[in-house]
Amino acid sequence: MLIVRRWLKSISQKRCFSTKLENDVAMAEYYFENGLRKVKPYYYDFHAYVKPRMIGKTILDTYVTEYRGRSELYYRYAIEKELITVNHKKVECDTVLQHNDLVIHRVHRHEPPVTDQDVKVVYEDEGLVVINKPGSIQVHPGGRYRHNTAVHILMKERGYDRLFPINRLDRSTSGLTLIAKNSQRAAYIKKELRERTIEKEYICRVMGKFPSQQIVCDAPIKQLAYEVPYNYVHPDGKDCITVFDRISFNGRTSIVRCRPVTGRTHQIRVHLRYLGYPIANDPIYGFLTPWSDLLPSSGSVDNTEAIIQSMIHTTPDDYMKDPFDESDLPRCQECNVPIIQTDPTPNQLALWLHAVKYTASGWSYESPLPEWASSSFKDDDPIIPASHY
1 MLIVRRWLKS ISQKRCFSTK LENDVAMAEY YFENGLRKVK PYYYDFHAYV
51 KPRMIGKTIL DTYVTEYRGR SELYYRYAIE KELITVNHKK VECDTVLQHN
101 DLVIHRVHRH EPPVTDQDVK VVYEDEGLVV INKPGSIQVH PGGRYRHNTA
151 VHILMKERGY DRLFPINRLD RSTSGLTLIA KNSQRAAYIK KELRERTIEK
201 EYICRVMGKF PSQQIVCDAP IKQLAYEVPY NYVHPDGKDC ITVFDRISFN
251 GRTSIVRCRP VTGRTHQIRV HLRYLGYPIA NDPIYGFLTP WSDLLPSSGS
301 VDNTEAIIQS MIHTTPDDYM KDPFDESDLP RCQECNVPII QTDPTPNQLA
351 LWLHAVKYTA SGWSYESPLP EWASSSFKDD DPIIPASHY
């Protein structure tokens, strides 16, 4: 228990300090190894207002059910030691959450690594910066990522003051990302996106021989569950249209051009799975996942909880593991969490899906194609699914 006691003392000593400077982009410390960009661990306060579904539940039950990455034992400890507070006040495990309550959770953050590829600027003017985002880098802070995001990397390395992401590509998707330098420019382009006056073009590598004729998929899609932000085709889902054209086939996989007319979450990936040609290294919608048989291409889901549990138990270790975890891994001397020693390989981080071109009245931006889209690419045999990191 020596390590745990040292961790408890360290946390209690640092709890009283302001986090304003600790959370600032200028304080982020990046380092590079094994083809990856990493961030030195730091303290951070997660702020969240109570969601409607949490009202009337205890603070302990809320954390155990909403944030499953850590144990009940940890959450009990965090509440007792004021690492978790409500409205800046100490609470008990049985404290019931009310409307507008502010919950704060102070943690020592260990962000997962991302690729060390540069975030390259494709175009820039006084109000807009267009980048070619590498796969694995999240656009904006959220979830496990804060400093290892495109916005913070740009602010740190290029000195931008404030940035306003417009099209938020999935973390594992690469390609064109539009980021405004002011809220007015962001609002204008977002309006164009909502009104569908911007034409978007993606390229991907899918399993099998995609049909040679153009395919227009208009199957509606629906979210699996609020705990799991993944979608599937369902007649009660939201309207959704994607146009697909095969570019090439190498005997194993096909390069396909995708033009989404609507902008639903994971739309291209869900439609490709529905058609029977998922993105070849897709770790969620591909046919090589442990839950593939549980997640149908279309129709109702018989056992949502089984899919959720399968996803939780087969996801690679989180870089913010539970300090009460009993594994024999080396521990962080600051917060006692087990330190994950196995890095993902850089080619595991990116999904084979790339935003290649955005066009509207008066402007058009295009990015270079990734290596996996070339005719000489051979790493699709065997196929290794992209990592969840």
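Numbered according to full-length UniProt numbering, the sequence shown terminates at residue 389, and the numbering increases by one at each position without gaps.
All C-beta atoms, glycine included, are put in the ideal place defined by N, C-alpha and C.
Asked: Straight-line gap, ASP116 to ILE84 (C-alpha atoms, nearest Å); Found: 34 Å
Asked: 9 Å Cβ cutoff met for CYS335 and PRO41; Found: yes
Asked: DSSP state of TYR145 mapped onto helix, strand, coil; Found: strand
Asked: Start-to-end residues for the beta strand (DSSP E) that takes in GLU157; Found: Per DSSP, GLU157 belongs to no beta strand (DSSP E); it is in the alpha helix (DSSP H), 150-158.
Asked: Segment contact, 8 Å Cβ cut-off, at least three pairs: the stretch 146-164 with the stretch 47-64; Found: no
Asked: Rounded distance between the beta-carbons of VAL64 and TYR75, thought under 8 Å; Found: 6 Å
Asked: LYS38, buried or exposed, once every other Cβ within 10 Å from all chains shown has been counted against 16; Found: buried
Asked: For VAL243 and LYS156, believed in contact at Cβ under 8 Å, the rounded distance; Found: That pair is no contact at about 38 Å.
Asked: Cut-off 6 Å between Cβ atoms - residues of its own chain near ASP317, not counting five sequence neighbours on either side; Found: In this predicted model, ASP317 has a pLDDT of only 43, less than 50, meaning its place in the structure is not dependable; the value taken from the coordinates is given anyway. Hits under 6 Å: ILE340.
Asked: Cβ-Cβ separation, GLY127 to ASN182 (assumed contact under 8 Å), whole Å; Found: 6 Å
Asked: The stretch 183-190 touching the stretch 363-382, judged by at least three CB pairs closer than 8 Å; Found: no
Asked: Inter-residue Cα distance where the pair is SER172 and HIS266; Found: 11 Å
Asked: Runs of beta strand (DSSP E) wholly within the stretch 24-106 (minimum 3 residues, chain order); Found: 30-33, 36-39, 42-49 and 84-86
Asked: When GLY143, ASP125, TYR30 and CYS93 are compared against GLY69, the one with the closest alpha-carbon; Found: GLY143
Asked: Simplified DSSP assignment, three categories, for ILE189; Found: helix
Asked: Alpha-carbon spacing of CYS240 relative to ARG259, whole angstroms; Found: 12 Å
Asked: Burial state of GLN213 (16 or more Cβ within 10 Å); Found: exposed
Asked: SER248 versus PRO220, LYS238 and PRO211, residue with shortest Cα-Cα distance; Found: PRO211
Asked: Coarse secondary structure for ARG196, derived from DSSP in three states; Found: coil
Asked: Residue from THR177, GLU111, ASN132 and LEU73 with nearest C-alpha to TYR31; Found: GLU111
Asked: Cα-Cα separation, SER71 to TYR277; Found: 38 Å
Asked: Short Cβ contact (9 Å threshold) for THR289 with ASP380; Found: no
Asked: Any alpha helix (DSSP H) of 4 or more consecutive residues that is wholly inside the stretch 328-382; Found: 346-349
Asked: Limits of the beta strand (DSSP E) - the one that TYR232 falls within; Found: 228-233
Asked: At least three beta-carbon pairs within less than 8 Å, the stretch 220-230 to the stretch 197-207; Found: no
Asked: ASP94, buried or exposed, once every other Cβ within 10 Å from all chains shown has been counted against 16; Found: exposed
Asked: Beta-bridge pairing of TYR123 - partner residues as DSSP gives them; Found: VAL130
Asked: Three or more C-beta pairs below 8 Å linking the stretch 125-141 and the stretch 47-55; Found: no
Asked: 9 Å Cβ cutoff met for THR197 and ALA355; Found: no
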